[in-house]
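As structure tokens, the structure follows; a few thoughts come after it.
Next up, the structure:
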């Protein structure tokens, strides 16, 4: 009997060894399975040739090193300019007393031909800047350890005034989540995500205060006057978008790739309880084969092929893909249906960390191009971490690329044009039009709105 058990044990060990060996060989044969990519970096031109997209969709390069390093978040302002937070320092914050190399770069299409001919650094000496929102004559941005208001007071295109809106906030335990995905809502609040592992107490000028640990979402007034928690939970949300109904969606790591946010809702996290009413509904039951999702966007109901309109796209930095989900509705509850990936590549260095819809209808992708993406899976001191390469890609239907670029400078439009833009299928254009009505037209917009509603067919 002992001999039998001994033999069975040896067979089991041998079987396990064979399975492990096969698993190792399979992993080694798949360059996308390695936490540290084994391939060499490519030039932007060579990388572009390796993208696989649906028929009729094309991709072109907007920016790359040395103009940007590691892009984090992107945002378009009311003049159609693209703002990008970029970092050399990540994953280590700069040391006290030392200058920081991180910055915000702005890209502008000066002749309105669809190309970004001009770029400049709006603000430098930043510390792993991530979330960014162009606002008035500057921007709101996260840079360790504060949420800042950066202003260009003399019109030279560079920040000359820096004020703390909120802070200092938590960052010491983790630099790869922090505060990101700043979005202006139709209600005039700025919505944002709070990333993994840190604890932050955010205090506003009116005395309101919230304390967040790890994944959460919150909102604040752009002048720093008030702050409110929006949802509780998620592990490391990174990416936010707003649909045609005003609902907010986030991309999350380690819990579920997509959430529709219900105000006051509690969402699954690492061992955290709900509020006694249970967790808010999840949208998807699948993981897209990854625990690292970042960036989320909804393709609009114009410009794009009918079979893609209204679909959610998310960045998958582990598999180097853009995943796609169709949204099905049951009453007011959405569910994501997994669809074939929107984009794949044969270059394992592709790391899509942020997705944004532009005022031109195109999709913009921030590529954190890197051999290593894992913050915990690979030692932070690993010499393979790339600090210098980064790309911004523009993806659009060929028909959109061939069309005349539409006006993107909302600061030169009048009130009538703003009302026309409120009917756009492009969420960004609607938001810019609304912002301009509030900021420039003010109370007079209410009478114009009544006239527009009374005569819906009028030009």
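Numbering (the numbering used here), first residue to last: 25 to 483.
By construction, the Cβ of each residue, glycine as well, lies at the ideal position given by its N, Cα and C atoms.
- Cα atoms of residue 131 and residue 141: separation of roughly 8 Å, rounded to the nearest angstrom.
- Here the C-alpha atom of residue 123 lies approximately 6 Å from the C-alpha atom of residue 149.
- Contact check for residue 271 against residue 283 fails: the beta carbons are separated by 8 Å or more.
- Taking C-beta atoms as the reference points, residue 412 and residue 53 fail to come closer than 8 Å.
- In this structure, 291 is the residue among 291, 201 and 219 with its C-alpha nearest to the C-alpha of residue 306.
- Of all C-beta pairs linking the segment 188-199 to the segment 108-126, three or more are shorter than 8 Å, placing the two stretches in contact.
- Beta-bridge partners assigned by DSSP to residue 237: 223.
- Separation of residue 228 and residue 155 (C-alpha to C-alpha, rounded to the nearest whole angstrom) is 18 Å.
- Residue burial is scored here from C-beta neighbours: residue 69 has fewer than 16 other C-beta atoms within 10 angstroms and is therefore classed as exposed.
- Cβ neighbours of residue 448 within its own chain (closer than 7 Å, five residues either side excluded): 454.
- Closest by C-alpha distance to residue 366, out of 356, 340 and 129, is 340.
- Restricting attention to 179, 443, 135 and 468, the CA atom closest to the CA of residue 479 is found in 443.
- Scanning its chain for C-beta atoms nearer than 7 Å, with the 5 sequence neighbours on each side dropped, one finds around residue 296 the residues 257, in chain order.
- Taking a cut-off of 8 Å for Cβ pairs, the segment 310-323 and the segment 56-67 do not touch, as fewer than three such pairs fall below it.
- Comparing alpha carbon positions, the residue from 322, 161, 289 and 146 closest to residue 264 is 322.
- In this chain, residue 218 is not harboured by any alpha helix (DSSP H); it is covered by the beta strand (DSSP E) spanning 214-218.
- Annotation for residue 94: no alpha helix (DSSP H) segment contains it, though the beta strand (DSSP E) segment containing it runs 94-100.
- Annotation: the continuous alpha helix (DSSP H) that includes residue 460 extends over 451-460.
- Within 10 angstroms of the beta-carbon of residue 90 lie fewer than 16 other beta-carbons, which makes it exposed.
- Within the DSSP bridge table, the entry for residue 337 names 321 and 348 as partners.
- Around the Cβ of residue 325, a 10 Å sphere holds fewer than 16 other Cβ atoms; the residue is exposed.
- Between residue 419 and residue 83 a beta carbon distance of about 5 Å is seen, short of the 8 Å cut, so the two are scored as contacting.
- Residue 474: member of the alpha helix (DSSP H) spanning 468-478, first to last residue.
- Under the three-pair Cβ rule at 8 Å, the segment 376-392 counts as touching the segment 339-355.
- Cβ contact annotation for residue 185 (same chain, cutoff 6 Å, sequence separation greater than five): 175 and 177, in chain order.
- In the three-state scheme derived from DSSP, where H, G and I count as helix and E and B as strand, residue 434 is classed as helix.
- If you draw a straight line from the Cα of residue 347 to the Cα of residue 334, it is about 14 Å long.
- Taking 8 Å as the upper bound for CB-CB distance, residue 259 and residue 294 are in contact here, some 6 Å apart.
- Taking the Cα positions, residue 416 is about 30 Å away from residue 441.
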